[in-house]
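Some notes on the structure that comes next.
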Amino acid sequence: MLRNRIKELRARHGFSQTELANRVGVTRQTIGFIEKGEFSPSIALSLRLAKQLQVKVDDLFWLEGEDSVD
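Residue numbers (the numbering used here): 26 to 95.
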């Protein structure tokens with residue numbers, strides 16, 4: 026399963042789900058599904074999310090069972 030730090034980093038930047046969604050060109054529901062691990066984003070969306078949250082993609086996403094970057 027793909028894990029992520031989107032909710033944590035979104036909160037750190039003060040973005041609502043809607044604001045982050047608008048910044049990366051998706052719906053608020055898509056951000057919610059990604060945060061819950063119910064949707065795996067495309068590479069392009071992953072890159073846009075990482076750019077908005079000011080991290081590298083591999084600092085944002087990791088596979089369950091692998092070490093996350095803290």
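In this text, a Cβ means the ideal position worked out from N, Cα and C, and glycines have one as well.
Quick caveat, the model's predicted, so the values are computed rather than measured.
| Asked | Found |
| --- | --- |
| Please report the straight-line C-alpha distance between K32 and Q79, rounded to a whole angstrom. | 14 Å |
| Report all residues from its chain with a CB closer than 8 Å to the CB of R28; omit the five preceding and five following residues, and keep chain order. | G62, F86, W87, L88, E89 and S93 |
| Within the same chain, show all residues whose beta-carbon is closer than 7 Å to that of L72, passing over the 5 residues directly before and after it, in chain order. | V82 |
| At what residues does the beta strand (DSSP E) containing L88 begin and finish? | F86 to L88 |
| Who are the near neighbours of A75 in its chain, counting only those whose CB is closer than 7 Å to its CB and skipping five residues on each side? | K81, V82 and L85 |
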